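Per numbering that gives the first Met the number 0, the sequence shown starts with residue 0, numbered consecutively.
The C-beta atom is built at its ideal place from N, Cα and C for all residues, glycine as well.
Computed from a prediction, not measured in an experiment: that's the story for all the values here.
Structure, as structure tokens:
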Amino acid sequence: MPKNLTYKILEEHRVEGRLIAGESIGVSVDQTLTQDATGTVAYLQFEAMNAGRVQTELSVSYVDHNTLQSGFENPDDHRYLRSVAARYGIIFSRPGNGICHQVHLERFARPGKTLLGSDSHTPTAGGMGMLAIGVGGQDVACAMAGLPFFLAVPQVVRVELKGELQPWVTAKDAILELLRRLSVKGGVGKVFEYGGGGVETLSVPQRATMANMGAELGATTSVFPADERTLDWLTRQGRRDDDRPLRADDDAPYDEVVELDLSKIEPLIALPHSPDNVRPVREVAGRTVDQVCIGSCTNSSLHDLCTVGELLRGRAVHPDVSLGISPGSQQILQLITERSALEAMIGAGARILESACGPCIGMGFSPPSGGVSLRTFNRNFEGRTGTADALSHLCSPETAVASALKGVITDPRDLGRPPAVDEPDSYPVPTSLLIHPPADGSEVEIVRGPNIKPIPTRDALPDSVRGNVLLKVGDNITTDHIMPAGSKILPLRSNIPAISEYVFQPVDPDFAARAKQQGGGFITGGENYGQGSSREHAALAPMYLGIIAVIARSFARIHRSNLINFGILPLTFVSGNDYERTGLNDRLQITGLHDGLNSGTISVRNLTGAYEFQVRCELSDREREIARAGGRLNMVKS
Ligand code: MIC
Ligand code: SF4
């Protein structure tokens with residue numbers, strides 16, 4: 000029976016369950032990654048499990064998000080993470096070493112392996128034939144303790160790539176084209192597996208760009224075959240032995256096939272405020288630009304940054320534009336320095352930022368009020384830049400530089416011939432910021448700063464609950480709406496009582512106070528509730544505020560798991576009409592919750608409107624156990 004690539008990797012790692020779409024299976028996890036903003040909570044949970052040294056083949060703890068040290072909080076977190084890594088056998092990537100996904104691709108990703116990361120863009124490593132999945136920190140903690148990862152067997156979509164990208168058109172434009180067609184919820188419950196003749200025309204970093212932004216489709220992950228180009232790239236990275244050729248069998252079955260002719264794509268741009276609000280650049284060319292940001296885990300390859308350097312060489316950034324460049328890793332920074340691309344950037348007036356997430360997560364470099372920002376990043380949700388009314392756009396590095404030079408949105412094809420960028424025979428491997436753990440870390444003392452507070456938990460699920468609808472929201476609510484990031488709030492990631500004050504702040508600044516005053520309640524939402532990041536704080540902080548359940552039309556995958564893991568029920572309306580008629584402040588009551596969980600259908604009494612409606616609670620057996628225990632930490636501990 001021929002198999003697709005996704006099923007091959009899942010089958011090799013299957014420890015429980017059957018490989019049938021929709022059924023729950025447990026797979027073994029070879030590698031894990033965490034980043035600092037989700038990592039502290041992940042490691043606090045790992046510590047609470049008393050599991051000893053990590054059981055994975057490789058686990059890496061990166062510091063890349065919270066690098067703006069404007070007080071003791073972030074450096075304390077870094078110190079905590081460093082001590083935990085040494086104690087439990089985890090590689091520690093120090094601040095400045097680069098963005099987790101870029102560094103992981105360069106140094107550790109391996110075809111055919113499984114990777115679990117507490118960051119939604121973990122699928123970047125799918126560019127190298129790895130099954131890499133973004134999850135909440137709790138799932139990563141369990142994987143480090145040697146427990147399998149459970150997921151619903153996804154549907155597999157074959158993306159049949161044809162042709163070759165035209166000059167000035169990039170992998171970023173290709174994934175924006177998929178977003179344009181399929182939308183930010185088009186990939187929920189699916190893996191995007193790339194194949195066809197167009198694959199060999201793409202380099203590993205180009206494949207990584209596409210796999211990275213598969214997260215914006217809502218996909219479980221994306222995966223490319225490991226072929227000659229993978230071997231070539233690994234060889235240049237000094238990792239030839241990490242290669243393993245891997246591809247789908249001929250005639251392998253797929254749930255769906257999408258064709259993408261690379262030669263027909265043109266430069267594209269996502270307009271505010273969603274990655275699927277995509278238009279051809281030429282349609283919006285001429286609009287004034289205030290700020291341009293280049294970098295992030297989406298577009299930090301050598302090719303990306305050297306192209307930027309060459310386009311800036313001998314030219315000047317438009318006087319009305321502020322251009323910021325954050326190289327994704329030490330390796331890239333070293334190479335652009337050696338090739339004097341960095342000099343060209345500085346000469347043109349670019350501001351060089353640290354190798355970190357930086358502006359992508361609102362850690363500095365926010366645009367001015369109402370400012371138009373062009374970013375080579377992957378998310379342009381409202382307010383994510385740190386400026387509430389900024390107009391954030393997503394595009395390729397080529398479009399970004401062209402626009403920075405002209406001061407208006409510009410199709411890069413107006414710049415003449417694209418520069419040629421050659422690959423080095425061997426990439427430099429800077430190791431000064433990568434710390435390997437000692438063989439025995441049992442004596443290492445774990446250092447905790449005053450901002451690091453214990454993780455709150457809640458009691459086991461009661462049989463009846465009652466509370467008001469504290470907030471009613473629409474479709475595609477992002478985790479940036481629920482638990483905003485940015486330089487002021489991110490330093491509170493290790494302190495749940497403090498960060499919960501900001502829950503839903505961009506949507507309703509009074510939400511947290513209201514939730515506290517009423518001792519908790521319900522949230523109602525539309526489709527794709529919780530899209531975006533893996534941040535557990537978007538479940539953990541609402542749990543702390545007493546949220547019992549979120550009743551929505553549908554949920555994004557990672558957020559749905561995070562809600563269950565922290566004892567909040569993800570319920571779905573059976574009838575759309577009930578979403579419409581259930582209003583803010585309505586008082587809801589559920590009795591017989593335990594029976595309802597077993598049957599999958601729960602009756603909710605709207606005491607204000609004096610009517611009853613049905614909601615679905617479709618949980619696997621394992622999830623049901625977690626829900627009953629009031630969260631996964633309670634269950635693991637017991
Ligand atoms: C993001 O891009 O939104 C983040 C910040 O990397 C998040 C993780 C977090 O919130 O810490 C993600 O993508 O999961
Ligand atoms: Fe960092 Fe942005 Fe990538 Fe998230 S999307 S990991 S914030 S660079």
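query                                                                                                                                                        : result
Return yes when at least one heavy atom of the ligand MIC lies under 6 Å from the C-beta of Arg556, else no.                                                 : no
Relative to the ligand MIC, is the shortest distance from any of its heavy atoms to the C-beta of Ala36 smaller than 6 Å?                                    : yes
Only counting the same chain, and skipping five residues up and downstream in sequence, which positions put a Cβ closer than 6 Å to that of Leu230?          : Asp242
Quick check: does the Cβ of Ser295 come within less than 6 Å of any heavy atom belonging to the ligand SF4?                                                  : yes
Hey, could you find the ends of the beta strand (DSSP E) Ile546 is sitting in?                                                                               : Ile546 to Ala551
Going along the chain, which unbroken runs of the beta strand (DSSP E) with 3 or more residues stay wholly within the stretch 68 to 136?                     : 90 to 92, 113 to 116 and 130 to 133
Sorted by chain position, which residues of the same chain lie with C-beta nearer than 6 Å to Trp232's C-beta, five sequence neighbours on each side aside?  : Val203
What whole-angstrom Cβ distance do Ser117 and Ser533 have, given they're in contact under 8 Å?                                                               : 6 Å
Beta-carbon within less than 7 Å of Val102's beta-carbon, same chain only, minus the 5 sequence neighbours each way: which residues are those?               : Tyr61, Ser92, Asn96 and Ser328
Consult DSSP for Ser456 and reduce its assignment to one of helix, strand or coil.                                                                           : For the record, residue 456 in the displayed sequence is Thr; it is not Ser. In the structure shown, Thr456 sits in coil (DSSP, three-state: anything other than H, G, I, E or B).
Does Glu282 pass the burial test, meaning 16 or more other C-beta atoms within 10 Å, or should it be called exposed?                                         : exposed
Where does Leu18 sit, in a helix, a strand or coil, going by DSSP?                                                                                           : coil
Quick check on the burial criterion: 16 or more other C-beta atoms within 10 angstroms. Buried or exposed for Asp479?                                        : buried
Going straight from the alpha carbon of Arg180 to that of Leu160, what length do you get?                                                                    : 15 Å
Let me confirm a value: Tyr610 is counted as buried when at least 16 other C-beta atoms fall within 10 Å, else exposed. Which label applies?                 : exposed
How many Å lie between Thr581 and Asn605 at the Cα?                                                                                                          : 8 Å
What ranges does the beta strand (DSSP E) occupy inside the stretch 295 to 338, keeping only unbroken runs of at least 3 residues that lie completely in it? : 321 to 325
Are there any heavy atoms of the ligand MIC lying less than 6 Å away from the beta-carbon of Arg534, as far as the coordinates show?                         : yes
Beta carbon of Cys356: closer than 6 Å to some heavy atom of the ligand SF4?                                                                                 : yes
Grab the span of the alpha helix (DSSP H) containing His435 for me, first residue to last.                                                                   : His435 -> no alpha helix (DSSP H), and no H or E assigned at all.
Which one of Thr33, Tyr253 and Val152 has the shortest CA to CA distance from Glu10?                                                                         : Val152
For Lys636, count neighbouring Cβ atoms within 10 angstroms of its own Cβ and tell me buried if that reaches 16, exposed if not.                             : exposed
Taking the runs of the beta strand (DSSP E) that are 3 residues or longer, which of them lie wholly in the stretch 151 to 187?                               : 154 to 161
Going by C-alpha distance, which of Phe191, Arg312 and Thr219 is nearest Val257?                                                                             : Phe191
In terms of residue numbering, what span does the alpha helix (DSSP H) encompassing Phe510 cover?                                                            : Phe510 to Gln516
For Thr375, tell me which candidate among Asp388, Ser339 and Ser299 has the shortest Cα-Cα distance.                                                         : Ser299
Classify Asp275: buried if its beta carbon has 16 or more other beta carbons within 10 angstroms, exposed otherwise.                                         : buried
Which of the three DSSP states is assigned to Leu592 in this structure?                                                                                      : helix
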